[in-house]
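Asks:
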Amino acid sequence: MKLLVLGLVLLPIAAFFSAIFVPGSRIDAKISHWRRSVVVVAFAQFVASVVVFLLAKVSPEHSFDWLPLCHYNSLAGLMLMLVSFVGWNVSQFAVRYLDGEPHQGRFFRYLAITIGAVSLFVVAGNLWILLFALLVTSLSLHALLLHYPDRPAARSAAWTKFVVSRLGDFALLAATVIAVRTCGVTNLPALFDIVESGSASRSALTSMAWLIVLAAMAKSAQFPLHGWLPETLETPTPVSALMHAGIVNAGGYLLIRLSPIVISAPWALATLAVIGSITLLLAGLSMMVQPSVKRSLAYSTVAQMGFMMVQCGFGAFSAAMLHIVAHSLYKAHAFLRSGSVVDDAKLVRYSSNQLRARPSWLARGFVVVASVATVASVCAVLQLDLLQKPGGIALATVFAFALIAWQWESQDESQMGTMPRTMLIAVLLTGSYLTCFLAVDYVVGADVAKMPLQPMMQVAVSAWVIGTFSVLLLVHGLVRRGSHGVWMQKLYLSALNGFYVKAVQQRVFEPLARS
Numbered sequence: 000m001k002l003l004v005l006g007l008v009l010l011p012i013a014a015f016f017s018a019i020f021v022p023g024s025r026i027d028a029k030i031s032h033w034r035r036s037v038v039v040v041a042f043a044q045f046v047a048s049v050v051v052f053l054l055a056k057v058s059p060e061h062s063f064d065w066l067p068l069c070h071y072n073s074l075a076g077l078m079l080m081l082v083s084f085v086g087w088n089v090s091q092f093a094v095r096y097l098d099g100e101p102h103q104g105r106f107f108r109y110l111a112i113t114i115g116a117v118s119l120f121v122v123a124g125n126l127w128i129l130l131f132a133l134l135v136t137s138l139s140l141h142a143l144l145l146h147y148p149d150r151p152a153a154r155s156a157a158w159t160k161f162v163v164s165r166l167g168d169f170a171l172l173a174a175t176v177i178a179v180r181t182c183g184v185t186n187l188p189a190l191f192d193i194v195e196s197g198s199a200s201r202s203a204l205t206s207m208a209w210l211i212v213l214a215a216m217a218k219s220a221q222f223p224l225h226g227w228l229p230e231t232l233e234t235p236t237p238v239s240a241l242m243h244a245g246i247v248n249a250g251g252y253l254l255i256r257l258s259p260i261v262i263s264a265p266w267a268l269a270t271l272a273v274i275g276s277i278t279l280l281l282a283g284l285s286m287m288v289q290p291s292v293k294r295s296l297a298y299s300t301v302a303q304m305g306f307m308m309v310q311c312g313f314g315a316f317s318a319a320m321l322h323i324v325a326h327s328l329y330k331a332h333a334f335l336r337s338g339s340v341v342d343d344a345k346l347v348r349y350s351s352n353q354l355r356a357r358p359s360w361l362a363r364g365f366v367v368v369a370s371v372a373t374v375a376s377v378c379a380v381l382q383l384d385l386l387q388k389p390g391g392i393a394l395a396t397v398f399a400f401a402l403i404a405w406q407w408e409s410q411d412e413s414q415m416g417t418m419p420r421t422m423l424i425a426v427l428l429t430g431s432y433l434t435c436f437l438a439v440d441y442v443v444g445a446d447v448a449k450m451p452l453q454p455m456m457q458v459a460v461s462a463w464v465i466g467t468f469s470v471l472l473l474v475h476g477l478v479r480r481g482s483h484g485v486w487m488q489k490l491y492l493s494a495l496n497g498f499y500v501k502a503v504q505q506r507v508f509e510p511l512a513r514s
């Protein structure tokens with residue numbers, strides 16, 4: 000069983016990496032065959048990942064190791080299925096999208112290497128292999144971002160991203176060196192055993208946790224390192240889909256995978272939650288006013304990554320894993336069909352004549368009360384004790400805010416029918432989300448660390464996060480009502496320009512990139 004599982008996991012990865020050794024002239028000469036081969040291997044990996052996941056579930060063993068190369072458990076299995084599915088769909092789309100263009104061979108070579116490197120990162124059983132997979136992923140993605148090298152915007156975004164990614168690599172490298180010097184091992188199972196036994200140096204574990212958090216922030220485009228992501232619009236759409244649906248999630252998965260280590264530094268996780276909420280606020284405001292569909296989707300990704308970091312900061316790793324799965328599937332779909340939604344995309348405007356009759360404040364207040372009651376009731380029915388879940392109250396409040404904003408918008412536009420209908424849909428959405436959370440927690444709960452509750456820190460961070468989301472909900476409501484105040488116009492201009500983070504990043508990082 001073990002050899003079968005490991006073979007099904009590693010053979011498709013090896014097939015993807017074999018693209019490194021194929022001569023470019025051979026690829027160009029048989030481009031149709033090469034494109035078909037990438038799609039076939041991606042599909043085979045998806046099928047194999049599903050088979051392996053099911054085999055692992057019925058096996059008495061819960062994990063399969065071929066250290067240092069592979070440590071397969073339910074967490075890695077779920078993520079590998081996701082990466083394989085997204086990679087398969089992106090490669091299929093790329094065949095049609097790039098048909099007839101020059102340099103297709105180069106594109107599909109780096110696409111194969113990228114999918115293989117991300118897959119290796121997902122199942123890596125050693126910190127060195129994990130670092131190697133992240134580095135290869137970043138370098139191959141850099142080549143894909145420069146598929147149109149004559150576009151200045153593409154070059155600027157690619158090189159800024161290159162420098163930011165190296166910061167993450169150096170942070171993870173430093174954490175690996177500390178693990179070697181203090182624990183003497185870098186294999187994940189052995190390292191986790193040492194951490195749980197308490198035999199490792201407390202200061203070393205704290206340093207490792209801070210460095211892993213820093214690496215995750217750099218890899219998942221967190222403030223103030225997020226300015227490059229919305230600027231990568233000059234890249235081909237398949238690359239945008241792969242990057243936003245898969246690669247940018249690497250930071251969150253890194254935290255979940257190494258959660259037994261990162262919980263050793265509660266202050267690092269608290270800082271992560273605060274920075275994630277700031278990222279979400281700035282990106283959420285910028286997303287509202289972007290005139291481009293792809294740019295709006297890019298800021299949406301930054302905001303979603305911020306929320307994922309908030310979840311990891313609370314220690315809600317199962318919820319963060321659900322967020323990765325849901326966001327990846329949605330964002331891949333959104334980018335791959337971004338060209339067909341231009342006509343029906345609803346852009347936010349500040350002219351009131353575009354808004355329909357608004358419900359009264361009494362109706363809005365009822366929506367607020369009903370949304371909170373819905374979340375509380377569904378949690379009670381599913382026997383979810385929010386007080387015993389890390390960040391449970393804050394995350395439930397954020398979900399209620401999302402329901403409120405969605406129902407306000409639905410009623411403003413009169414698209415969802417009457418209020419009872421929207422309330423019924425809200426109940427179904429809440430029930431579906433929490434059921435999916437329980438399912439994911441059942442699958443990966445044994446493979447992630449349990450965050451010890453620290454009441455005062457939880458209360459402080461929860462208050463900050465709820466306050467941040469309150470500001471976002473307030474501004475969203477004012478935008479929907481067509482507010483024209485002077486401060487709103489200034490906010491609009493700043494949000495349209497991404498709060499000028501890009502300008503600061505270019506001033507700091509582009510000289511480094513050119514050097």
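Under numbering that gives the first Met the number 0, residues 0 to 514 are what the sequence shown spells out, in order. By construction, the Cβ of each residue, glycine as well, lies at the ideal position given by its N, Cα and C atoms.
(1) Helix, strand or coil for asparagine 248, going by three-state DSSP, please let me know.
(2) If you drop the 5 nearest sequence neighbours on each side, which residues of the same chain put their C-beta closer than 6 Å to that of serine 299?
(3) What would DSSP say about asparagine 186, mapped onto helix, strand or coil?
(4) Please classify asparagine 125: does DSSP put it in a helix, a strand, or coil?
(5) Enumerate in chain order the residues of its own chain whose CB-to-CB distance from leucine 3 is below 8 Å, with the five nearest sequence positions on each side excluded.
(6) Cβ atoms of leucine 145 and alanine 157: under 8 Å apart, would you say?
(7) Drop a sphere of 10 angstroms on the beta-carbon of isoleucine 19, count the other beta-carbons inside from all chains shown, and report buried for 16 or more, exposed for fewer.
(8) Using C-beta distances below 8 Å, list every residue in its chain close to threonine 185, excluding the 5 sequence neighbours before and after it, in chain order.
(9) May I have the straight-line CA-CA distance separating leucine 166 from cysteine 69, to the nearest angstrom?
(10) Once you ignore the five residues that flank leucine 172 on each side, which residues in its own chain have a CB closer than 8 Å to its CB?
(11) Identify, in the order they occur along the chain, each residue of the same chain with its Cβ nearer than 7 Å to the Cβ of valine 288, setting aside the five sequence neighbours on each side.
(12) Here's the rule I'm using: 16 or more other beta-carbon atoms within 10 Å means buried, otherwise exposed. How should threonine 113 be labelled?
(13) Is tryptophan 486 helix, strand or coil when you go by DSSP?
(14) Since tyrosine 71 sits in a beta bridge, which residues does DSSP pair it with?
(15) Can you tell me the Cβ-Cβ gap for isoleucine 323 and methionine 308, rounded? I've got them flagged as a contact below 8 Å.
(16) Determine the burial state of valine 464: buried for a count of at least 16 other Cβ atoms within 10 Å of its Cβ, exposed for fewer.
(17) To the nearest angstrom, report how far apart glycine 497 and leucine 281 are at their CA atoms.
(18) Quick one: what does DSSP say histidine 326 is sitting in, helix, strand or coil?
(19) Along the chain, where does the alpha helix (DSSP H) that runs through histidine 43 open and close?
(20) Measuring only from the beta carbon, is asparagine 496 closer than 7 Å to any heavy atom that is part of the ligand ADP?
(21) Can you tell me which of the three DSSP states alanine 111 falls into?
(22) Rounded to whole angstroms, what's the CA-CA distance from leucine 202 to valine 212? Just pull it up for me.
(23) Taking the CB atoms as reference points, tell me whether arginine 108 and isoleucine 26 lie closer together than 8 Å.
(24) One question on the structure: do proline 237 and valine 89 come within less than 8 Å of each other, judged by their Cβ atoms?
(25) Spatial neighbours of serine 206 within its chain, please: C-beta separation below 7 Å, excluding the five flanking residues on both sides.
(26) In terms of alpha-carbon separation, which member of Tyr329, Ser83 and Cys435 lies closest to leucine 383?
(27) Can you tell me whether valine 377 is buried or exposed? The criterion is at least 16 other CB atoms within 10 Å of its CB, across all chains shown.
(28) Three or more C-beta pairs closer than 8 Å, one from the segment 426 to 443 and one from the segment 72 to 89: is that the case here?
(29) Using the C-alpha atoms, what's the distance from glycine 76 back to valine 122?
(30) For valine 485, count neighbouring C-beta atoms within 10 Å of its own C-beta (all shown protein chains included) and say buried if the count is 16 or more, exposed if not.
(31) Buried or exposed for arginine 420, please, with buried defined as at least 16 other CB atoms from any protein chain shown within 10 angstroms of its CB.
(32) Got a sec? Which residues, its chain only, sit under 7 Å from valine 371 by beta carbon, not counting five neighbours each side?
(33) Whose C-beta lies closer than 6 Å to the C-beta of valine 37 among residues of the same chain, with five residues either side of it excluded?
(34) Should leucine 354 be labelled buried (16 or more other beta-carbon atoms within 10 Å of its own) or exposed?
(35) Looking at the secondary structure, which residues open and close the alpha helix (DSSP H) in which threonine 159 lies?
Replies: In this structure, then:
(1) Here residue 248 corresponds to residue number 249 of the sequence shown, with the count starting at 1. Of the three classes helix, strand and coil, the one that applies to asparagine 248 here is helix, per DSSP.
(2) Your numbering for residue 299 matches position 300 in the sequence shown. Only Met286 meet the Cβ criterion.
(3) Position 187 of the sequence shown, counting from 1, holds the residue named residue 186. Note: asparagine 186 maps to strand in three-state DSSP.
(4) Counting from 1 along the sequence shown, the entry for residue 125 is found at position 126. In this structure, asparagine 125 counts as strand in the three-state DSSP scheme.
(5) Here residue 3 corresponds to residue number 4 of the sequence shown, with the count starting at 1. Hits under 8 Å: Leu54.
(6) Mapped onto the sequence shown, residue 157 falls at position 158. Mapped onto the sequence shown, residue 145 falls at position 146. Going by C-beta atoms, alanine 157 is nearer than 8 Å to leucine 145.
(7) Numbered from 1 along the sequence shown, position 20 holds the residue referred to as residue 19. Exposed.
(8) On the sequence shown, position 186 is the one that residue 185 refers to. These residues qualify, in order along the chain: Pro67, Asn125, Leu126, Trp127, Thr175, Ala178 and Val179.
(9) What you label residue 166 is simply residue 167 of the sequence shown in a count that begins at 1. What you label residue 69 is simply residue 70 of the sequence shown in a count that begins at 1. If you take the alpha carbons of leucine 166 and cysteine 69, they lie about 25 Å apart.
(10) Taking the first residue of the sequence shown as 1, we reach residue 172 at position 173. Result list for leucine 172: Leu130, in chain order.
(11) In the sequence shown, counting from the first residue as 1, residue 288 sits at position 289. Closer than 7 Å at Cβ, skipping near neighbours: Val347, Tyr491, Ala494 and Leu495.
(12) For the purposes of this step, residue 113 is taken as the residue at position 114 of the sequence shown. Buried is the call here.
(13) Counted from its first residue, the sequence shown places residue 486 at position 487. Here tryptophan 486 sits in helix by DSSP.
(14) The count along the sequence shown starts at 1 and reaches residue 71 at position 72. Beta-bridge pairing links tyrosine 71 to Phe63.
(15) Stepping through the sequence shown from its first residue, residue 323 is reached at position 324. Stepping through the sequence shown from its first residue, residue 308 is reached at position 309. In fact, because the Cβ distance is near 12 Å, the residues do not count as touching under 8 Å.
(16) Sequence index remark: in the sequence shown, residue 464 carries index 465 (1-based). Per the 10 Å Cβ criterion, buried.
(17) Taking the first residue of the sequence shown as 1, we reach residue 497 at position 498. Taking the first residue of the sequence shown as 1, we reach residue 281 at position 282. If you take the alpha carbons of glycine 497 and leucine 281, they lie about 7 Å apart.
(18) Working through the sequence shown from its first residue, we reach residue 326 at position 327. Residue state, collapsed to three classes: helix.
(19) Mapped onto the sequence shown, residue 43 falls at position 44. Before going further, note that residue 43 is alanine rather than histidine in the sequence given. Residues 30 to 57.
(20) In the structure on display, the ligand ADP does not appear, and there are no ligands present to speak of.
(21) Taking the first residue of the sequence shown as 1, we reach residue 111 at position 112. Looking at alanine 111 - three-state DSSP - the assignment turns out to be helix.
(22) As a first step, residue 202 must be located in the sequence shown, where it is residue number 203. As a first step, residue 212 must be located in the sequence shown, where it is residue number 213. In the sequence on display, residue 202 carries serine and not leucine. Rounded to the nearest angstrom, the two C-alpha atoms are 15 Å apart.
(23) As a first step, residue 108 is located in the sequence shown; it is residue number 109 there, counting from the start. As a first step, residue 26 is located in the sequence shown; it is residue number 27 there, counting from the start. Yes, the Cβ-Cβ distance between arginine 108 and isoleucine 26 is below 8 Å.
(24) Translated into positions along the sequence shown, residue 237 becomes position 238. Translated into positions along the sequence shown, residue 89 becomes position 90. Yes, they are a contact pair.
(25) Here residue 206 refers to the residue found at position 207 of the sequence shown. Only Ile177 meet the Cβ criterion.
(26) Position 384 of the sequence shown, counted from the start, is the residue given in the question as residue 383. Checking every option, the nearest Cα to that of leucine 383 belongs to Cys435.
(27) Along the sequence shown, one-based indexing puts residue 377 at 378. Burial call: buried.
(28) yes
(29) As a working mapping, residue 122 is identified with position 123 in the sequence shown. As a working mapping, residue 76 is identified with position 77 in the sequence shown. Those two C-alpha atoms are separated by around 8 Å.
(30) Here residue 485 refers to the residue found at position 486 of the sequence shown. Valine 485 is exposed by the Cβ-count criterion.
(31) For the purposes of this step, residue 420 is taken as residue 421 along the sequence shown, with counting starting at 1. So arginine 420 ends up on the exposed side.
(32) As a first step, residue 371 must be located in the sequence shown, where it is residue number 372. Excluding sequence neighbours, valine 371 sits near Ala399.
(33) As a first step, residue 37 is located in the sequence shown; it is residue number 38 there, counting from the start. Cβ neighbours of valine 37 beyond the five flanking positions: Ser90, Phe107 and Ala111.
(34) As a working note, residue 354 is residue 355 in the sequence shown. Note that leucine 354 has pLDDT 42, beneath the 50 cutoff, so the model's placement of it is unreliable and the number below is only indicative. Classification of leucine 354: exposed, given that the 10 Å Cβ count is below 16.
(35) As a position in the sequence shown, residue 159 is number 160, starting the count at 1. 151 to 181 is the span of the alpha helix (DSSP H), which, as asked, contains threonine 159.
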